[in-house]
Each structure stands twice: as C-alpha cells, then as structure tokens.
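**Q** The structure that follows is given in the form of structure tokens.
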Amino acid sequence: HSHGRARTDIPYKYQQLSNFGNVVIGEGSWIGEHAVIMPGVTIGKNAIVGANSVVTCDVPERTIVAGSPARILRVWSEALNDWAGPPAE
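Residue numbers (the numbering used here): 34 to 122.
Next comes the structure, spelled out in structure tokens:
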C-alpha cells in the first residue's frame with residue numbers, strides 16, 4: 034500500500050491508501066536485508082534476493098538475484114545439482 038497523492042490540501046496521514054499490487058514470496062525463499070520488492074512482483078519458490086537489491090520484476094524459482102535493479106546471477110541446475118551461471122541472453 035502507498036498513500037495517495039491526489040490531494041495536496043490533505044496531509045498524507047489522512048489520505049486513503051492505494052493498492053498497487055500484491056507482493057508474493059514463494060516458500061523457502063530468502064530475502065536479504067534492506068531489499069526492496071516493488072508492488073506486483075512475485076518471488077519464486079527457493080529463490081534468493083541479495084541484500085540491498087531492488088526487485089522490479091518477477092524472480093523465477095531457484096534463482097539468485099541481486100543489484101539495483103536486481104538481475105539474475107545464478108540459477109539452480111538439476112543436472113549439476115549446483116548453482117550455475119545466468120541463462121544466456
């Protein structure tokens with residue numbers, strides 16, 4: 034939620050809250066300290082968000098993201114049974 038800004042004659046604390054979209058955090062995910070997840074974003078199961086990251090789009094499950102804006106650093110590889118580099122773009 035966020036305070037509306039439609040009225041400048043009413044203090045923010047008296048204005049209605051606006052809903053910009055739910056944030057969904059999947060089971061087993063880790064969210065680093067001071068990370069910001071923007072409205073409407075879904076964090077997949079067992080994903081990891083690095084500290085101080087700004088997440089602006091959905092994060093697939095079993096993915097490590099970090100940065101501002103957050104980008105994919107690693108993805109879980111079932112074949113390797115370990116973290117692998119980001120997918121080719």
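Just so you know, even glycine gets a beta-carbon here, dropped at the ideal spot from N, CA and C.
List the whole-angstrom C-beta distance separating ARG104 from ASN79, where the pair is believed to meet the contact cut-off of C-beta under 8 Å.
**A** Numbered from its first residue, the sequence shown carries residue 104 at position 71. Numbered from its first residue, the sequence shown carries residue 79 at position 46. 18 Å between Cβ atoms; not a contact.
**Q** Since VAL98 and VAL87 are thought to touch, with beta carbons under 8 Å apart, how far apart are those beta carbons, to the nearest angstrom?
**A** Numbered from 1 along the sequence shown, position 65 holds the residue referred to as residue 98. Numbered from 1 along the sequence shown, position 54 holds the residue referred to as residue 87. About 10 Å; that fails the 8 Å criterion.
**Q** For the beta strand (DSSP E) holding ILE97, just list the boundary residues, first then last.
**A** For the purposes of this step, residue 97 is identified with residue 64 of the sequence shown, where counting begins at 1. Note, ILE97: beta strand (DSSP E), 96-100.
**Q** Of the choices PRO119, SER101, ASN114, whose alpha-carbon is the least far from that of HIS67?
**A** Taking the first residue of the sequence shown as position 1, residue 67 is located at position 34. Measuring from the Cα of HIS67, the nearest candidate turns out to be SER101.
**Q** In the DSSP output, which residue or residues are listed as bridge partners for VAL56?
**A** Residue 56 sits at position 23 when you count from the first residue of the sequence shown. Answer is none; VAL56 lacks a bridge partner.
**Q** Should ILE43 go down as buried or exposed, given a rule of 16 or more other Cβ atoms within 10 Å for buried?
**A** Here residue 43 is taken as the residue at index 10 of the sequence shown, counted from 1. Exposed, because fewer than 16 other Cβ atoms sit within 10 Å of the Cβ of ILE43.
**Q** Can you name the start and end residues of the beta strand (DSSP E) that ILE105 belongs to?
**A** Counted from its first residue, the sequence shown places residue 105 at position 72. Unbroken beta strand (DSSP E) run through ILE105: 103-110.
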